[in-house]
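Structure, as structure tokens:
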Amino acid sequence: MKTKTMTAPRNFVADHVQAIPRSGIRDFFEIVQSMSDVISLGIGEPDFVTPWHIREAAIFSLERGRTGYTSNLGLPRLRRSISRYVKKHYHVHYEPMTEVLVTVGVSEAMDMCLRAVLNPGDEVIFHEPCYVSYSPSIALAHGKAVSITTKVEHQFKLRAEDIRAVLTPRSKVLILNFPTNPTGAVMTREDLEPIAALVKEHDLLVITDEIYSELNYTGHHVSIASLPGMRERTIFLHGFSKAFAMTGFRIGYACAPVALTEAMMRIHQYAIMCATTMSQEAAYEAMERGEHDMVEMREQYCMRRNFLVASFKDMGLPCFEPQGAFYLFVPIASTGLNCREFAVRLLEEEKVAVVPGNAFGPSGEGFVRCSYATAFEQLEIAVERIARFVKKLKA
Amino acid sequence: MEPLLKLLEENALTSPEILAKRLNRPVDQIIKEIKRLEDEKVILAYKAIVDDEKANRQTVSAVIEVRITPERDGGFNRLAARISKYPEVTSCFLMSGGYDLLVFVEGQSLKQVATFVSEKLSTIHGVLSTATHFMLKTYKEQNVLLAGEDHDERLKVSP
Chain A
1 MKTKTMTAPR
11 NFVADHVQAI
21 PRSGIRDFFE
31 IVQSMSDVIS
41 LGIGEPDFVT
51 PWHIREAAIF
61 SLERGRTGYT
71 SNLGLPRLRR
81 SISRYVKKHY
91 HVHYEPMTEV
101 LVTVGVSEAM
111 DMCLRAVLNP
121 GDEVIFHEPC
131 YVSYSPSIAL
141 AHGKAVSITT
151 KVEHQFKLRA
161 EDIRAVLTPR
171 SKVLILNFPT
181 NPTGAVMTRE
191 DLEPIAALVK
201 EHDLLVITDE
211 IYSELNYTGH
221 HVSIASLPGM
231 RERTIFLHGF
241 SKAFAMTGFR
251 IGYACAPVAL
261 TEAMMRIHQY
271 AIMCATTMSQ
281 EAAYEAMERG
291 EHDMVEMREQ
301 YCMRRNFLVA
311 SFKDMGLPCF
321 EPQGAFYLFV
331 PIASTGLNCR
341 EFAVRLLEEE
351 KVAVVPGNAF
361 GPSGEGFVRC
371 SYATAFEQLE
381 IAVERIARFV
391 KKLKA
Chain B
1 MEPLLKLLEE
11 NALTSPEILA
21 KRLNRPVDQI
31 IKEIKRLEDE
41 KVILAYKAIV
51 DDEKANRQTV
61 SAVIEVRITP
71 ERDGGFNRLA
81 ARISKYPEVT
91 SCFLMSGGYD
101 LLVFVEGQSL
111 KQVATFVSEK
121 LSTIHGVLST
131 ATHFMLKTYK
141 EQNVLLAGED
151 HDERLKVSP
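If you read the protein sequences in the order shown, they are chains A and B. Going by our numbering, the first residue of the first sequence is number 1, and it counts up by one from there. Going by our numbering, the first residue of the second sequence is number 1, and it counts up by one from there.
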């Protein structure tokens with residue numbers, strides 16, 4: 001009788017998953033996590049706790065035993081509420097029963113959109129520096145990521161001519177994220193119009209991630225979906241994490257014309273079934289009665305932004321004044337260090353954590369991202385420490 | 001004016017330099033504005049909010065519902081002002097509903113507060129009745145939770 005020889009199992013991991021690099025943030029996170037007394041400006045979520053009435057709505061839904069599934073698309077009253085909110089703030093109407101899909105945050109929504117629309121090899125254009133997940137999500141959906149570097153001299157805005165330069169016959173999707181993580185850039189109607197024209201000319205689909213849109217300090221956020229002829233070729237993604245400080249609830253939504261919503265639903269129903277029920281209940285409360293909290297938080301962020309921009313200017317590191325989100329993308333090349341060296345030394349020498357800019361794509365080299373989603377008292381101390389550090393470097 | 005007041009209400013010790021940076025305005029303008037607010041008595045006072053228990057104070061506090069007779073040519077104002085003048089009274093409000101004035105009183109002992117109510121407050125001409133409630137424990141004082149806010153449990157770095 002033959003005996004089976006024991007061999008090591010082959011590598012089961014798919015090639016396209018193996019090809020995805022480890023996140024630069026995760027790497028840095030482990031160093032930070034091992035240290036104590038660190039003031040972190042490296043956090044990409046609000047420091048406010050979810051407003052109490054929203055938390056209470058989630059508790060109440062548990063008390064009442066609402067622990068079952070909801071419709072795949074999400075609670076009908078939540079979808080109606082989202083539809084009203086999007087109409088009111090973004091001036092686009094989506095049918096609540098067929099064009100709104102409640103998701104597990106914008107992250108799931110983005111993944112689902114890409115999987116729903118990409119054939120292998122289709123090209124997806126996105127602007128960089130950008131949120132860490134875009135490029136990997138495109139690769140996981142078998143698409144080809146095509147990045148465009150946005151520059152500080154253009155206020156990190158995306159320009160139509162930059163898109164035109166990378167177009168090929170395989171170009172299919174354009175991802176927009178304004179206000180942008182990590183730069184805080186925003187786009188006005190005038191900035192968006194030439195892009196919309198180009199998108200129509202080349203029959204592209206836009207996926208617009210507007211998670212930071214409530215945190216726009218110019219007071220005039222414009223969604224590309226609201227421009228003439230764009231609703232039909234746009235998937236609008238939004239969520240509750242940033243505006244209502246609900247990151248841990250993992251709740252967001254996608255709005256799109258029926259055919260696209262239906263396509264995303266096919267993936268969502270098998271992969272996720274439905275977003276968490278109590279999170280949906282909390283989201284409904286946020287939609288119906290949370291706007292006041294959101295306005296208060298925005299005021300706070302705006303004041304912290306002012307403080308940080310002025311403080312960095314004082315220490316000889318003037319930076320682009322972000323008009324949205326809660327990040328400052330600070331140029332540090334003048335210190336003679338690269339972004340990673342700067343972040344690591346700042347952490348070791350002054351115990352302040354910032355995120356190296358290249359975590360948001362190679363074009364982020366020369367910058368560090370400072371989040372001002374941190375209590376003001378902490379910001380003050382952090383600024384003192386960073387000033388001391390920069391002074392030492394420049395001495 | 002409003003954002004400046006809000007910041008000072010949050011923390012009156014914030015320096016004009018920092019206030020200026022947060023509000024994106026020149027420092028001298030902020031200093032002038034604060035001075036004006038003080039002169040015009042928009043800002044009445046700056047005080048510390050103290051946790052009496054931690055400070056080991058034996059202070060006794062009570063809330064008293066007071067019914068009074070309104071007077072011709074002045075309504076409740078004269079009597080309310082008179083009651084407010086007692087040093088034992090820390091706050092005094094005119095209320096709608098089942099009574100007229102809500103009076104907050106502080107004293108060194110139960111007896112002191114009781115004496116104030118029985119000998120001073122209720123004997124004022126025009127005071128019809130009083131109902132005194134003693135405070136047992138403070139959970140939140142002027143927007144500050146005494147147990148402190150929950151610890152920040154966010155991950156230290158996130159995208």
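From the three backbone atoms N, C-alpha and C, an ideal C-beta is built for every residue, glycine too.
For Ala375 of chain A, the closest of B:Val157, B:Ser158, B:Asp152 by C-alpha to C-alpha distance is B:Asp152. By the criterion of at least three beta-carbon pairs nearer than 8 Å, the stretch 224-239 of chain A is not in contact with the stretch 54-69 of chain A.
Under DSSP, Gly42 of chain A takes part in a beta bridge, and its partners are B:Val157. The DSSP-derived three-state label of Ser109 of chain B is coil. For the pair Phe29 of chain A and Leu155 of chain B, the CB atoms are nearer than the 8 Å cut-off. In the structure shown, Gly361 of chain A falls within a coil segment according to DSSP collapsed to helix, strand and coil. Between Ile211 of chain A and chain B, the shortest Cβ-Cβ separation is not below 8 Å.
Three or more beta-carbon pairs separated by less than 8 Å link the stretch 118-129 of chain A to the stretch 355-372 of chain A, which places the two stretches in contact.
For Gln33 of chain A, the nearest beta carbon of chain B is closer than 8 Å to its own beta carbon. Partner residues in a beta bridge of Gly74 of chain B, as assigned by DSSP, do not exist.
The Cβ of Val157 of chain B sits closer than 8 Å to at least one Cβ of chain A.
Nearest C-alpha to Asp15 of chain A among A:Ile39, A:Ala141, A:Leu337, A:Asp47: A:Ala141. Where Tyr327 of chain A is concerned, the enclosing beta strand (DSSP E) starts and stops at 327-331. Within the same chain, Met264, Ile267, His268 come within 6 Å of Met112 of chain A by CB-CB distance, once the 5 residues on both sides are set aside. Legend: CB atoms of the stretch 42-74 of chain A lying less than 8 Å from CB atoms of chain B belong to residues Gly42, Ile43, Gly44, Glu45, Asp47, Val49.
By a beta-carbon distance limit of 8 Å, Val383 of chain A contacts Ser311 of chain A. Their separation comes to about 4 Å. Here Lys394 of chain A is near Gly316 of chain A, since their CB atoms are less than 8 Å apart. In this chain, Lys144 of chain A is not harboured by any alpha helix (DSSP H); it is covered by the beta strand (DSSP E) spanning 144-149. In this structure the stretch 337-350 of chain A does not touch the stretch 10-19 of chain B; the number of beta carbon pairs closer than 8 Å is below three.
Of all residues in the stretch 23-52 of chain B, the ones placed with a Cβ closer than 7 Å to any Cβ belonging to chain A are Leu23, Asn24, in chain order.
Bridge partners of Asn177 of chain A according to DSSP: none are assigned. Within chain B, Lys21, Arg22, Leu23, Asn24 have C-beta atoms less than 7 Å from the C-beta of Asn306 of chain A, given in sequence order.
DSSP places Gly229 of chain A outside both helix and strand once states are collapsed to three, so it counts as coil. By the Cβ neighbour-count rule, Ile224 of chain A is buried, with 16 or more other Cβ atoms within 10 Å of its own. Exposure of Pro169 of chain A is indicated by the presence of fewer than 16 other C-beta atoms within 10 angstroms of its C-beta. For Asp152 of chain B, the nearest CB of chain A lies under 8 Å from its own CB, placing it at the interface with that chain. Positions of the beta strand (DSSP E) runs, each at least 3 residues long and wholly inside the stretch 65-108 of chain A, are given as 100-103 in order along the chain.
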